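Contents: one structure, followed by commentary.
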Amino acid sequence: MAKKYWMSMTAVFTVIIMLSAACGSSESDPGAEELPINTDSGDETPITESACLPDEPECDDTIGVSDGGQDLPAPADDSETGGGSGEISTGMPVAGGLSVSDALATDASGILAVSGYGFEDGDGVRLCESLASGAERYECGGASIFVENLDLEATGADVVIHDGLTYTQEELTLFGELVEGVFVVGDTVTG
Numbered sequence: 068m069a070k071k072y073w074m075s076m077t078a079v080f081t082v083i084i085m086l087s088a089a090c091g092s093s094e095s096d097p098g099a100e101e102l103p104i105n106t107d108s109g110d111e112t113p114i115t116e117s118a119c120l121p122d123e124p125e126c127d128d129t130i131g132v133s134d135g136g137q138d139l140p141a142p143a144d145d146s147e148t149g150g151g152s153g154e155i156s157t158g159m160p161v162a163g164g165l166s167v168s169d170a171l172a173t174d175a176s177g178i179l180a181v182s183g184y185g186f187e188d189g190d191g192v193r194l195c196e197s198l199a200s201g202a203e204r205y206e207c208g209g210a211s212i213f214v215e216n217l218d219l220e221a222t223g224a225d226v227v228i229h230d231g232l233t234y235t236q237e238e239l240t241l242f243g244e245l246v247e248g249v250f251v252v253g254d255t256v257t258g
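Under the working numbering, the first residue of the sequence shown is numbered 68, with each subsequent residue one higher.
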């Protein structure tokens with residue numbers, strides 16, 4: 068059995084070596100053109116801007132940055148954003164999205180990603196930062212926000228229905244907009 072294993076491994080390595088040798092050889096296709104080196108920078112260091120052949124019209128290759136890269140744009144000044152901590156939240160889902168507290172505190176507009184526990188106790192569906200143990204059942208813990216256009220059972224999360232209470236056992240990340248203090252889940256946005 069060991070002899071058969073070594074024979075098959077030797078065959079695999081032989082094929083890999085032959086393929087790698089063929090890939091590096093320009094003699095395999097004697098009519099193939101070598102890619103030209105771009106030396107338009109004025110100095111002796113070539114700049115690679117394209118791997119396309121000069122006579123190939125449908126080539127959309129990426130263009131490289133010639134010298135050391137580019138700096139990111141400077142952050143906006145607090146006076147331009149209306150004050151605050153200097154941090155600008157775009158509402159993009161980082162580590163699951165904004166917390167409920169952060170979503171309530173942000174002045175970002177457009178689609179936001181907000182994470183929390185789905186919770187419904189007869190007053191409407193809310194997104195809660197945590198589930199807190201109550202006397203006989205869970206309560207919505209931490210900050211919460213009412214949510215429109217959300218059916219907890221349709222989320223695919225583990226939903227518990229108990230004694231007039233419906234809640235998710237894990238955090239949800241919802242995508243929607245804040246409209247007058249209510250988080251409206253988008254019909255076409257899912258996460």
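Beta carbons are placed, not taken as given, at the ideal position from N, Cα and C, and that holds for glycine.
As the structure is a prediction and not an experimental result, all values here were calculated from the model.
The beta carbon of G201 sits closer than 6 Å to no other beta carbon from its chain once the five residues preceding and following it are set aside. Of all alpha-carbon atoms in Y72, V246, A69, the one lying nearest the alpha-carbon of L179 is that of V246. For S182, the CB contacts under 6 Å within the same chain, skipping 5 residues up- and downstream, are G163, G164, E238, T240 in chain order. If you compare the alpha carbons of W73, M85, V252, G248 with that of L171, the shortest gap goes to G248. Leaving aside the five residues that flank A210 on each side, the residues in its chain whose CB is nearer than 7 Å to its CB run, in chain order, V167, S168, L171, E196. Remark: C-beta atoms of G208 and A221 do not approach each other more closely than 8 Å. By the CB criterion at 8 Å, R193 and D230 fall outside the cutoff. With contacts defined as CB atoms closer than 8 Å, L219 and E187 qualify as a contacting pair. Nearest to N216 by C-alpha distance, out of D174, K71, T173, V252, is V252.
When secondary structure is reduced to three states using DSSP, L179 falls in the strand class.
Taking C-alpha positions only, Q236 is separated from E206 by approximately 13 Å. E220 carries a helical assignment under DSSP once its states are collapsed to helix, strand and coil.
Judged by their CB atoms, G191 and Y234 are not nearer to each other than the 8 Å cut-off.
Note on geometry: alpha-carbon atoms of A224 and G177 lie some 25 Å from one another.
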